[in-house]
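Throughout the sequence shown, residue numbering follows mature numbering (1 follows the signal peptide of the UniProt record, and there is no 0), covering -20 to -1, 1 to 138 in sequence.
Every residue gets a Cβ at the ideal spot worked out from N, C-alpha and C, and that includes glycine.
Working notes, beginning with the structure itself.
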Amino acid sequence: MQFFKKLVLLSGLLVSSVSAAWAEVEVADAYARATFSMAKTGAVYLTLVNRGGQEQTLISVSTSLDVASDAQIHTTEMDNDMMKMRQVRDGVLIPAGGTLDFSPGGYHIMLIGLKKALEPGHTVPLTLTFVSGQQIHLDVSILTVDKPAGHHHHHSGD
């Protein structure tokens, strides 16, 4: 009986420590840019905040198929004097105790194959998946092209 109690206690501690590690990444200032009716792509910007003591890696993003056929992590780079976007396939690292900004001209989330325009006042469901297994589900506000100052949303994982 003692062994069983210890096993249950150790299992609970393990789950608690894993859950605590998973909840260390938070999302701040998430917004999607409004698009015109014929647009096939949209962009989401946000800040990832790693409050933990270990680096975290965002490996994928997804959205509802009602919104877009795909969601991808992208970056913008200079190539032969031209700015080009490319998909980030290996994930992006958020340093321990640090932040990573997804902003115009840098990292961003591309919504590809939009089913309809992204209209101000609505939201886009988004799921961020980390190599640790943490998933963060959030509803991203759609804003006009100019992001208003002071727009703050914080979300943490499951």
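The Cβ-Cβ distance between residue 48 and residue 93 falls below 8 Å. Residue 7 carries a strand assignment under DSSP once its states are collapsed to helix, strand and coil.
Under DSSP, residue 58 shares a beta bridge with 63. In the DSSP assignment, residue 105 is bridged to 119. Leaving aside the five residues that flank residue 68 on each side, the residues in its chain whose CB is nearer than 6 Å to its CB run, in chain order, 53 and 55. Out of 59, 65 and 89, the CA that lies nearest to the CA of residue 109 is found in 89. Excluding sequence positions up to five before and after residue 123, its CB lies within less than 8 Å of the CB of 11, 12, 13, 14, 100 and 131, all in the same chain and listed in chain order.
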